[in-house]
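Novice: Its first residue numbered 1, the sequence shown is counted upward by one per residue in UniProt numbering. Let me begin by handing over the structure; questions about it come next.
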Amino acid sequence: MDRPPNILLIVSDDHGYADRGGLGVHPDVLTPSLDRLAAEGVTCTDAYVTAPICSPSRASIISGRYQQRWGGQWFDSAAFPPDDVPTLAEVLRDQGYRTGYFGKVHYGKEDVGDRACPPHHGFEETLYGLAGQSFGRLNYLHHSEEAVESYGQPAAHHMAVQPLLSGDEPVEHEGFLTAEFGRRATQFMSAADERPYFCMVAFNAVHNFCWQLPQEELEKRGLPTFRDWSPDADGPFMEWYDDVIVPNLPHGREYYLAQLELMDAEIGRLLDAAGDDTIVVYITDNGGSTCNFGDNAPLRGTKYTLWDGGIRIPMLWRWPGQLPAGRRTNALVSTMDLVPTLAAAAGATVDGADGVDILPVLTGSADAAHENLHWDCGFQWAVRSGDWKLSWVDDDENTRHLRDYEHAPMGEGWFLANLADNIGESSNELSAQPELVERLRALHASWRAEVGLDPQTVNP
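This is the structure we're talking about:
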């Protein structure tokens, strides 16, 4: 075949479904680079992740499989794919690609040298932070031993100021992390090398805590400095935390939008560096976090929930000359599809993937990718089949914690919605469709058995 295309995969963190300027939902959302990407490529309106939280979702993104196959359902069970499951980077490396990873890593509680670290699953050039060591976040401004000493423990741990890593070696960085990840990725893409590249950029934006902005940006936007948590000044972390999420943080939405705009600017530089021979994909790792001032309209729910607001995400594709510009498709697709799709574009095949090659859907030569998609976190699960979606939430400790500490609208019990005419999941059609409910319940039970989960113990 001809030289395979370069591949640029951009993954953001907790980006709200409604928070793109081109959608016209919010006039104060400015994302010209993402709008450009949509205009020059294909938008998947019904794209889903496999989990409403970071770690299990990212494990599926890198593997193309349901993470439940190795037990990954929630934070406490999240884990990197087993050694016998090839990652996207390994597949492309074996096709002759040079591979680079720049950004956040969070597949579980990984440590330096673990297979979950990018140098150990197919990436040859890396700059990354292990967010699993710091409650899933990376500080936007500080990553050094001096910062660790200055913050002291436990604040350094909670505020995620530990050094970054390149390979297995610590790298200190003081400065705006979004810009540094963008700079290193652009540098990698522009290197003199005849091999095609696969560049994965996993921004930590727009994860909390968005007030961590460069001083010049705060001044330009007229925003006040907000101090990170200090136990001596602020008391227990969880009491302080409630003051820095919706609705309590002053200027919270403005901080969030500033981080989004600055990430978008870096995406613009990445798009400029990517030539016409490059596939560009943009996704986020889960639904937007409404407690961190993201907006998922018209979807119901937030990160942590199995309402569509927790699992339906922006997904944008660009491949000049191969994919139509400005196209939108409502085909049911998943982030699991990235591995088989990008592998196919590179001339490779992947065995055992739960995702499918969606290039025919993107080009318009096929109408459908998946008939069914499943989600299962143990205490909550959902299945979408066509336009219908059945979900269930247990009123257990996890649910109560998310309601209390993340202000997440979890719902309770069984819920059935036709997303074609009820995209906001506002009315429950459970009692009107008993046969459909049973079919979907049985469908999910069969899937659970197929991926190795225990049988369901509840019925509508």
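For every residue, glycine included, the Cβ atom is placed at its ideal position computed from N, Cα and C.
(1) My understanding is that Leu165 touches Tyr107, with C-beta atoms under 8 Å, so please give their C-beta distance in whole angstroms.
(2) Is it buried or exposed for Gly252, if we count other Cβ within 10 angstroms and need 16 for buried?
(3) Measure the alpha-carbon distance for Ser57 versus Pro170 and round it to whole angstroms.
(4) With which residues is Met200 paired in a DSSP beta bridge?
(5) Please name the residue in His120, Arg3, Gly71 whose C-alpha comes closest to that of Ser55.
(6) Give, in chain order, every unbroken run of the alpha helix (DSSP H) that is at least 4 residues long and sits entirely within the stretch 33-86.
(7) Within 10 angstroms of the Cβ of Pro324, are there 16 or more other Cβ atoms? Answer buried if so, exposed if not.
(8) For Asn398, name the three-state secondary structure that DSSP assigns.
(9) Given a cut-off of 9 Å on the beta-carbon distance, is the pair Tyr101 and Tyr241 in contact?
(10) Any idea if Lys303 is buried or exposed, counting beta-carbon neighbours within 10 angstroms, 16 or more meaning buried?
(11) Mind checking whether Ala417 and Glu429 have CB atoms under 9 Å apart?
(12) Give me the residue from Arg115, Ala155, Glu435 with the minimum Cα distance to Trp229.
(13) Please report the Cβ distance between Glu180 and Ser144, rounded to the nearest whole angstrom; I am assuming they are in contact, meaning their Cβ atoms lie under 8 Å.
(14) Please state whether DSSP places Asp376 in a helix, a strand or coil.
(15) For a minimum of 4 consecutive residues, which ranges assigned as the alpha helix (DSSP H) are wholly contained in the stretch 122-193?
(16) Please list, in chain order, all residues of the same chain as Leu362 whose beta carbon is under 6 Å from its beta carbon, the five residues on each side excluded.
(17) Mind checking whether Pro370 and Asn292 have CB atoms under 9 Å apart?
(18) With DSSP as the reference, identify every bridge partner of Tyr282, one or two as the case may be.
(19) Could you check what DSSP says for Ala205 in three-state terms: helix, strand or coil?
(20) By the 10 Å Cβ neighbour count, where 16 or more other Cβ atoms means buried, how is Met238 classified, buried or exposed?
(21) With the cut-off set at 9 Å, would you say Ala116 and Val105 are in Cβ contact?
(22) Start and end of the alpha helix (DSSP H) containing Leu92?
(23) What is the DSSP secondary structure of Asn292, reduced to helix, strand or coil?
(24) According to the neighbour-count rule (16 or more other Cβ atoms, all chains shown, within 10 Å of its Cβ), is Gly301 buried or exposed?
(25) From the DSSP output, which residues share a beta bridge with Lys109?
(26) Apart from the five residues on each side of it in sequence, which residues of its chain come closer than 6 Å, Cβ to Cβ, to Asn372?
(27) I need the straight-line Cα distance from Ala265 to Trp414, nearest angstrom please.
(28) Got a sec? Which residues, its chain only, sit under 7 Å from Asp354 by beta carbon, not counting five neighbours each side?
(29) What does the Cβ neighbour count give for Glu3, buried or exposed, with the cut at 16 atoms within 10 Å?
(30) Rounded to the nearest angstrom, how far is the Cβ of residue 465 from that of Ala205, given a contact under 8 Å?
(31) From which residue to which residue does the alpha helix (DSSP H) around Val437 run?
(32) Does the Cβ-Cβ distance between Ile311 and Ala51 come in under 9 Å?
(33) Can you tell me whether His121 is buried or exposed? The criterion is at least 16 other CB atoms within 10 Å of its CB, across all chains shown.
(34) Between Thr278 and Leu130, what straight-line distance do the alpha-carbon atoms span, to the nearest angstrom?
Specialist: Inspection of the coordinates gives the following:
(1) The Cβ separation is near 14 Å, so there is no contact.
(2) buried
(3) 26 Å
(4) Leu9, Tyr101
(5) Gly71
(6) 54-63
(7) exposed
(8) helix
(9) no
(10) buried
(11) yes
(12) Ala155
(13) Not confirmed; about 13 Å, so no contact.
(14) strand
(15) 145-151, 155-159, 177-189
(16) Val42, Trp317, Leu323
(17) With the sequence shown as reference, residue 370 is identified as His, and Pro is not the correct amino acid for it. No; because the gap between Cβ atoms is not below 9 Å, this pair is not in contact.
(18) Ile10, Leu316
(19) coil
(20) exposed
(21) yes
(22) 88-93
(23) helix
(24) buried
(25) Paired residues: none, contrary to the question.
(26) Ser385
(27) 42 Å
(28) Gly64, Arg65, Tyr66, Met336
(29) The residue asked about is misnamed: residue 3 is Arg in this sequence, not Glu. It counts as exposed.
(30) What is shown of the chain runs 1 to 460, which leaves residue 465 out entirely.
(31) 434-451
(32) yes
(33) buried
(34) 28 Å
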